[in-house]
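As you go down the protein sequences, you meet chains A and B in turn.
Going by our numbering, the first residue of the first sequence is number 1, and it counts up by one from there.
Going by our numbering, the first residue of the second sequence is number 1001, and it counts up by one from there.
Virtual Cβ for every residue (Gly too), placed ideally from N, Cα, C.
Data block below; observations after.
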Amino acid sequence: MAVPPPRALALALLAAAGCAAIQRPDARGTGETALERQLARAAEPAQGPRYTFLGVAMGDRSPAFYGDIRILDRILSHRYGAAYRSVLLSNREQWDQLRDLPLATSENVQLAVEALRAARRPEDRFIVLFTAHGNRGELSEEYPAPGRVRRSVPSALLGRWVKALAPNRTWVMISSCYSGSLLPAIEGPAVLAMTAADADHPSLGCGTLDRSTFFVGALVRSLDFDQSFDELWAATEERLRGYEARYRYPGANPQIRFGADLWGLRVKPLSRF
Amino acid sequence: MAAALLAATVPVAPAGGRPLNIPHEQVVALLRHVAITPLSVPDDLMVDAVDRAALVELVATELRGAGAEVVPPGETGPALTVAAGANGARADPAAGGVDDERWKATLRDAEKSLRGGRGVDCLLLVGLRTSQAAVANGLARWNGAAEDPLTGAARAFQGRRPRMLGLSVAVWLYGPEGDLLYWRRGGLRLLYKLGAGGQVVPVADADLLADPVRNARAVGLALGPLLERPAGAGSAP
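And the structure:
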């Protein structure tokens, strides 16, 4: 058996190990935000239904994705109090010596979804936000590792994650370009899906100085738990049109879909989700 | 609605503030019934309603500590909205300027309508505002606050930027005739940090009001000259 040259050996080892093996050592997070700890807290029982937020910020160079999941987490935690649980994953470039959140790799998302699925009870609700760059039929997963890792999350995988939470009521938001193209994969009877764009348009707000994506910014500013989902959506669209007009952008054309079991939610207050 | 109205109408003032427009004792005499507004926030920032309310409550607590009876923002905001509707917007698009008389009339009407028509002595607008922060000796300084602008990762590079943007708590106190009696900003936190490559990285909106100690310090800086007691006052005889 011939001995492979060192470079070929290294490449073969890398290929065999896959991208996941070259994650940072702290890819799973540290301290109280370590993935294991977040998942353990998410599984803690509550008196009534638990409202679990899974925030997944898959882009690394724009702080907007990180800002998206953090602001929604803060609002929801205030809203649901003791019933609130959260799992936050972010690929934002690291500021300090330790990551403040685990990386939003496909592997970590898979672990989170499996753990949430295992711990759920029938009355639990899920609120899920994927925020990232995207192309038709996929989200971009980018994270700082030794070297920079860029992968894509195909719509089929995204769909498997969302469907793993069924039949629990699940509100899924996707803030990325062309995110409407992901809708067929994630729709389900108990899924309320919102996307920042249709299948043919980019969405805005993922620059290096953006504090949040335009879609999540408009959605968060429109959140009023006493209003209905229809009212929330109308307010979000109006705000987005305003933002887009400033950039003379014709519009990302955000999309909303109510699963067959959730049609009644359209005219009910968000608090009834 | 009221917060949006205030964001659009409060005066734009240079950083720091000119604390008192009339003698301190005259201002203090007016701090009996004070109406306090909801927190106004610049359009480009997102602050959760619970965090907004908590910050305004810090301001109200300070005022109560000084002996004032406080009309909460839940009453003041709607009163201001109604008064603004009756008097017209402060900004006058036809003339292309600002109509201070309308603004004073709005304030007067709102103040008179509160406390079941018994009125208040003055009205305190509360908001978040951004200011330039000068960086020197490794610290960004603005409106009484100081903060290291570098992230841990950037510290190794010791990149230096002469100015950054700081967020402050701002207050404006208006008297019964709608005259501005006092205004001041207290530095809260930087809006951006410097990353490892010297790039500017926004602080997440969720973190802007997440630290109660910072919040209290900024409120103290904003209200300090207004609520400070003259030397010897309040001490045992």
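What number of angstroms, rounded off, separates the C-alpha of A:ARG221 from the C-alpha of B:VAL1219? 25 Å
Checking contacts by CB at 8 Å: is B:ALA1146 closer than that to chain A? Taking CB atoms only, B:ALA1146 has no neighbour in chain A less than 8 Å away.
Can you find a CB in chain A that lies within less than 8 Å of the CB of B:PRO982? Residue 982 of chain B is absent from the structure shown; chain B starts at 1001 and stops at 1237.
List the residues of chain B that A:TYR66 touches, going by C-beta distances under 7 Å, in chain order. Here the neighbours are ALA1204.
So is A:GLN38 buried or exposed if we call it buried at 16+ other beta carbons inside 10 Å? buried
A:GLY207 (DSSP reduced to helix, strand or coil): A:GLY207 carries a coil assignment under DSSP once its states are collapsed to helix, strand and coil.
For A:LEU72, does the three-state DSSP call read helix, strand or coil? helix
Interface residues of chain A facing B:ASP1048 [CB-CB closer than 8 Å]: Counting only Cβ-Cβ distances below 8 Å, B:ASP1048 has contacts in chain A at ILE71, ARG74, ILE75 and HIS78, in chain order.
On a CA-only basis, which of B:LEU1123, B:ILE1036 and B:GLY1187 is nearest B:GLY1224? Give me that one, please. B:GLY1187
Can you tell which of A:PHE130, A:THR52, A:GLU138 and A:VAL87 has the C-alpha that lies nearest to the C-alpha of A:GLU308? The question about residue 308 of chain A has no answer here: the residues shown for chain A are numbered 1 through 273.
Considering Cα atoms alone, identify which of A:GLY188, A:THR213, A:GLY205 and A:ALA34 is closest to A:VAL87. Per the Cα distances, A:ALA34.
May I ask you to report which of helix, strand or coil DSSP gives B:GLY1232? At B:GLY1232 the pLDDT is 42, less than 50, meaning the model places this residue with poor confidence and gives no usable figure here.
Can you give me the Cβ contacts of A:GLY217 inside the same chain, cut-off strictly under 7 Å, excluding the 5 residues immediately before and after it? Cβ contact annotation for A:GLY217 (same chain, cutoff 7 Å, sequence separation greater than five): GLY205, in chain order.
Rounded separation between B:GLY1178 and B:GLU1111 - CA only: 9 Å
Residues in the stretch 216-234 of chain A with C-beta within 8 Å of chain B's C-beta atoms, listed in sequence order? GLY217, VAL220 and ARG221
Under 8 Å, Cβ to Cβ, is there at least one residue of chain B near A:ALA21? Confidence is the limiting factor: at A:ALA21 the pLDDT is only 42, short of 50, which leaves the residue's position unreliable and the question unanswerable from this model.
Alpha-carbon to alpha-carbon, A:THR131 and A:GLY55: 8 Å
Under 8 Å by Cβ, that's how I've got B:ASP1121 and B:PRO1176 pegged, so tell me the actual separation to the nearest angstrom. Indeed they touch by this definition, with Cβ atoms about 6 Å apart.
What does the alpha-carbon distance come out to for the pair A:ARG41 and A:LEU265? 29 Å
Compare the beta carbon distance of B:PRO1149 and B:LEU1221 with 8 Å and say whether it is the shorter of the two. no
How many angstroms separate the CA atom of B:ARG1108 from the CA atom of B:TYR1182? 16 Å
Backbone secondary structure at A:PHE225 - three-state DSSP: Correct three-state label for A:PHE225: coil.
Look at the alpha carbon of A:GLU141 and the alpha carbon of A:GLN110, and state the distance between them as a whole number of angstroms. Cα-Cα distance, rounded: 13 Å.
Whole runs of the beta strand (DSSP E) within the stretch 36-62 of chain A, excluding any shorter than 3 residues: 51-57
Figure out for me which residue from B:SER1131, B:ALA1105 and B:GLY1116 has the closest Cα to the Cα of B:ALA1089. B:ALA1105
Kindly identify the DSSP beta-bridge partner or partners of B:HIS1033. Assignment of beta-bridge partners to B:HIS1033 by DSSP yields B:GLU1069.
Quick check on this structure: which residue in B:VAL1126, B:LEU1124 and B:ASN1143 has the alpha carbon closest to the alpha carbon of B:GLN1132? B:ASN1143
Below 8 Å, how does it come out for the stretch 137-157 of chain A and the stretch 100-108 of chain A: are there three or more Cβ pairs, yes or no? Yes, the stretch 137-157 of chain A touches the stretch 100-108 of chain A.
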